[in-house]
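The working numbering applies: residue 105 is where the sequence shown begins, and numbers increase by one.
Comments concern the structure below.
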Amino acid sequence: MFSKKMKNLVPYVPGEQPQDQGYIKLNTNENPYPPSPRIDKFLQTFNTKKLRLYPDPLFLELREAIAEKYKIKKDQVFIGNGSDEVLAFSFYAFFDRSRGKLMFPEFTYSFYPVYCDLFNINYQKIPLTTDFSIDIKNFLHNTESCGIILPNPNAPTGILLPLKKVRDLLDRYIDNRVIIIDEAYIDFGGESAVSLIDKYKNLLVIQTFSKSRSLAGIRIGFAMGDKALIDALFVVKDSFNSYPANTLSLEIAKLAISDIKYSDSVIKNIIKTREKLSDTLKHIGWNVLPSTANFVFAEKLGIAGEKIYLKLKEKGVLVRYFNKPGINNFIRITIGTEYEIDVLIKKIKACF
Ligand code: PMP
């Protein structure tokens, strides 16, 4: 009954989503604060008759709102069902093995190799430096590559590649191969590469509503780049699903992107709590990587990440660890509310 292709797939494993509310959940980089209050008001008065019709397959209103926010044109914006889907369409549209390997950092978002296998793309993992940062030089040795993708800040390290380095990479890499900067976490302190899309026609910047805008549940992500790249994404989308983003999600995203004051205040809180957590962990002897994201990646020398994860789970706090040599001593902690992080710190101090 099953295709050979399916039988060979090794799927991505998302972080646990326990349906009981018993845990302090710091494992999937969700935002601990609610989304913009404008959304509550909207939902209370939403006319359900609108749901009779299919949504706009061109996502025009949301693309316009995003274009306005980032001072670009709406034909430079694409929308998808979460940035995961935008990533998947992009892998399909821009990378193939006949032009070489796709390069991404050795430790990075683990969906990338999964999409490569799904779409039959060859890939090469590029080592990080000893302090877990990205050195762009290491991406420039391979002249036989079909493209580059990197999250900025990187996940799960949280380390930012400064915009100047992104520009250097674009200047020095082959200009007829696409470079994707996956900016899922850029709003927590980094500077977006979207300002470069007019100059670099091979740059695609991907962002999401899941993190800084507290809307992981609506599944909306977007890409920004030259019109030719966006047109290619529409070709892939329209070969797969005309309506990957639903009417309610599109409306909600439009409201969220316009409430800049609210998202700025949420981001400020998260950054403050992140710095407090990082400082406290360092103070009690942990090695904490410098994070510009809504999570920190930290290790307690001599204790395996899995052990820390299991102990904290037993105590009612969920964090994430990765069973990969090189990073298996680390845990990734999503920044929760100040209260949640205080509880976590207490448990850590009591257990380790
Ligand atoms: N990129 C990175 C680096 C991520 O960590 C995530 C979240 N798992 C995503 C993309 C996907 O986010 P979403 O599909 O919720 O937009």
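A virtual CB, placed ideally from N, CA and C, is assigned to each residue, including glycine.
Treat the numbers as computed from the prediction; the structure is a model and nothing was measured.
In this structure, V340 keeps its C-beta atom at 8 Å or more from the C-beta atom of M328.
Going by beta carbons, A402 and I375 fall outside the 8 Å limit. In the three-state scheme derived from DSSP, where H, G and I count as helix and E and B as strand, M105 is classed as coil. If you check the CB distance, K269 and I301 do not come in under 8 Å. Counting only the Cα atoms, Q180 lies some 19 Å from S346. Beta-bridge annotation (DSSP): N185 is paired with I324. Any heavy atom of the ligand PMP counts here; residues with a Cβ closer than 5 Å to one of them, in chain order, are G186, S187, D188, Y213, P255, A259, D286, A288, T312, S314, G325. Judged by DSSP in its simplified three-state form, S249 adopts strand. A Cβ-Cβ distance of about 12 Å is found for the pair K305 and A336, leaving them out of contact under the 8 Å criterion. Look at the segment 200 to 282 and you find these whole runs of alpha helix (DSSP H), each 4 residues long or longer: 215 to 222, 267 to 276.
Exclusion of the five residues before and after K108 leaves no residue of its chain whose Cβ lies closer than 6 Å to its Cβ. Per DSSP, the beta bridge partners of A402 are V392, I435.
In this structure V392 is not in contact with R378, their Cβ atoms being roughly 10 Å apart against a cut-off of 8 Å. By the Cβ test, the segment 313 to 321 is in contact with the segment 360 to 374, since at least three Cβ pairs between them sit closer than 8 Å. If you compare the alpha carbons of L405, F211, S362, K303 with that of P429, the shortest gap goes to F211. In the DSSP assignment, Q311 falls within the unbroken beta strand (DSSP E) covering 307 to 312. Shown here, Y425 sits in a strand according to DSSP, grouped into three states. A360 has its alpha-carbon roughly 11 Å from the corresponding atom of P138. Annotation for G409: the continuous alpha helix (DSSP H) segment containing it runs 409 to 418. In this structure, DSSP gives I356 a helical state, which the three-state scheme calls helix. The Cβ-Cβ distance between Q311 and G325 falls below 8 Å. Within the same chain, P209, L232, L254, N258, L265 come within 7 Å of I238 by CB-CB distance, once the 5 residues on both sides are set aside. D179 sits in a helix when the DSSP states are folded into three classes. The beta carbon of K419 lies closer than 6 Å to those of K451 in the same chain, with the five residues before and after it left out.
Contact annotation: F313 and A357 have beta-carbon atoms nearer than 8 Å.
Residue pairing from DSSP places K129 in a beta bridge opposite L422. Here the alpha carbons of A454 and R167 stand approximately 49 Å from one another.
Contact check between the segment 269 to 280 and the segment 219 to 234: fewer than three CB pairs, one atom from each, fall below 8 Å, which does not count as touching.
Counting along the chain, S369 sits inside the alpha helix (DSSP H) bounded by residues 364 to 387. I285 is bridged by DSSP to L254, V309. Per DSSP, the unbroken alpha helix (DSSP H) holding P141 starts and ends at 141 to 149. A check of alpha carbon separations from D279 across Y174, V447, V298, T247 identifies T247 as the nearest.
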